[in-house]
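Just add 28 to the spot in the sequence shown (first one is 1) and you have the working numbering.
Positions of the beta carbon are idealized from the N, C-alpha and C atoms, including for glycine.
Here the structure is a predicted model, which means the values were calculated and not measured.
Worksheet: the structure to be examined is printed underneath.
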Amino acid sequence: MTRRRDIRATRAIDIVETAYRLDGSEADWLDTLLGCARSELDTGCGVYAFTGNEQVPNLAASPVFTQHALDPGYAERLGRLNQEAPDAIYDLLRPRLVTCGGLEQTLGADSPVVEHFRALMQPTGVKDGFSLFAQEAEGGSITISAPSRWVVAPGPRVRGIWQRVGLHVASALRLRRKLAAHATARDALLDPSGKLEDVSGDVENDGTARDVLVRAVRAMEQARSADGRASPESALALWRGLVGGEWSLVDHWERGGRRYVAAYQNRPNVRDPRALTPGEAAVLKYLALGATNREIGYTLGLPDGTVSSCVTQILKKLRVKSRVDLAALLQHSRSSRFDVGLGEHNVSVVAVDARPQDDIAALLSPAERDVATYVARGWTNERIASARRVSPNTIANQLRAIYEKLDITTRSQLARLVTNGS
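Take a look at the structure:
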């Protein structure tokens, strides 16, 4: 009998290091990255990975696909998975910045997608699989998957490590694409002790930026030490997605084998919708991807207080009352714009359909659907309770049930799911 193999997360720093290697093509990079991750994920059926962007987000149209020892029967059926699925798997994952775990664990045992997956893969013996999906604020994404002949359900610790690894990998993918498009350049070069060897651009005249980079290099080197590798959670807490919301750190090798650390500008490019600062615009883009403040802080390398301040300013500048209202407003597929004449003035109005779409509504009871609709409108528990003539405790209990059914934890995530669907 084949020995069951669990999903592990012991080589997180090795995988992050591999992600930030800049040599080779995107295909070479992805293949090397998958090879590094395979020992952690392969349950006996092999592993595969592919990258995407806003134009080609799914497997069938992926710019790059690679696999290591993927079960032949599974590989033959893989192309049919998205084509015949009742819902596109990618569309189910898109509302979240990063998602990882078993298919059943993520979507639920009764999900039509899970049922379709098992029916399609039944001849191969594959019943489930681990998947990591991570996206970044310019539309790039990466998916790493490992099919399994048994149900996989890694615990919160392992999933948490892989989520942070996913954020790094997505950031590294953005950097590679920026460099390929000549859209970024090196701002600083430091030795592993944090000593500045060369600076350019805005960093040259910014003492605060130089200090931030020095501290970040030292923290990264601590994460890469033997002690750091032995404790992936602690190491990943030290090595964050970006430095000061601006830079990614990568190894740079000189002739003779001497290693330096190069800092490249890697902040996501986003349009300024309403006089937002570059930092606020970047935070807004991640809010649109359903990220929590903690996820945004880790991804951009910003303190929690800075992220909170950015969110406050975004709400003020976009003239919305709450993060829940913002989450609904950002779902363009459920919104419409029209102009209203008021005397000599025209006012642009954005209307959002806040009713749960069919795929979400099917998971909820009639009462829960009503509560979800009210939450998407920005109502408090007390206001919902008054409208439904029940106690606030009843609404709180219904919300907990909704969160569990939809695998979410916040009101803004609920508003985003209700207005986006899937």
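In this structure N409 is buried. Its beta-carbon is surrounded by 16 or more other beta-carbon atoms within 10 angstroms. A263 is positioned such that its CB atom lies no closer than 9 Å to that of A216. One alpha carbon belongs to R322, the other to I41, and they sit about 20 Å apart. In this structure, L241 is the residue among R405, L241 and N421 with its C-alpha nearest to the C-alpha of Q293.
Contact check for P296 against E164 passes: the beta carbons are separated by less than 9 Å. Between A244 and L277 the beta-carbon gap is near 6 Å, inside 8 Å, which marks them as a contact.
The three-state secondary structure of A303, taken from DSSP, is coil. Residues V142, D156 and V179 of the same chain have their beta carbon placed closer than 7 Å to that of E132, with the five preceding and five following residues left out of the count. One thing to note: I35 has its Cβ within 9 Å of the Cβ of A174.
For D332, the CB contacts under 8 Å within the same chain, skipping 5 residues up- and downstream, are N321, R322 and G325 in chain order.
Residue ranges of uninterrupted alpha helix (DSSP H) with 4 or more members, entirely inside the region 284–340 and ordered along the chain, are 306–316 and 321–328.
Going by DSSP, S67 is part of no beta strand (DSSP E) but of the alpha helix (DSSP H) stretching over E54 to L69.
DSSP places Y402 in the helix class (H, G or I) of the three-state scheme.
Bounds of any alpha helix (DSSP H) do not take in R214; it lies within the beta strand (DSSP E) bounded by R214 to L218. Between the alpha carbons of K345 and A309 lies a distance of about 11 Å. Distance check between W267 and each of I423, A181, V197 and F161 places V197 closest, using alpha-carbon atoms only. Taking the Cα positions, A213 is about 37 Å away from D353.
Within the same chain, W57, T60, V278 and D279 come within 8 Å of R49 by CB-CB distance, once the 5 residues on both sides are set aside. Distance between A208 and P260, taken at the CA atoms: about 31 Å. The three-state secondary structure of L131, taken from DSSP, is helix. Assignment of beta-bridge partners to D234 by DSSP yields no partner. Put simply, of C64, R405, V399 and R417 the residue whose alpha carbon is nearest the alpha carbon of N425 is V399. Residues of the same chain with their beta carbon placed closer than 8 Å to that of N421 are lacking, with the five preceding and five following residues left out of the count.
Annotated three-state conformation of W275 is strand, per DSSP.
Distances from the alpha-carbon of C128 to those of S159, A147 and R108 put S159 closest. The beta carbon of C338 sits closer than 7 Å to those of G307, E308 and V311, all from its chain and outside the five residues before and after it, given in chain order. In the same chain as L391, and ignoring 5 residues on each side of it, the C-beta atoms closer than 6 Å to its own belong to K433, in chain order. For F158, the pairing in a beta bridge is given by DSSP as G130 and A174.
Look at G256 here: in three-state DSSP terms it is helix.
Here R124 is not near A97, since their CB atoms are 9 Å or more apart. Annotation for G101: P151 and T152 place their beta carbon closer than 7 Å to its own, counting only its chain and skipping 5 residues before and after. Pairing R204 with E104 gives a Cβ-Cβ distance that is not under 9 Å. Close CB contacts of T236 within its chain, under the 6 Å cut and outside five residues either way in sequence, are absent. The beta carbons of A389 and R397 sit about 5 Å from each other, so the pair counts as a contact at 8 Å. Beyond the five residues adjoining it in sequence on each side, L445 comes within less than 7 Å, by CB distance, of P123, I388, L434 and I436 in the same chain, given in chain order. Under DSSP, L442 takes part in no beta bridge, so it has no partner.
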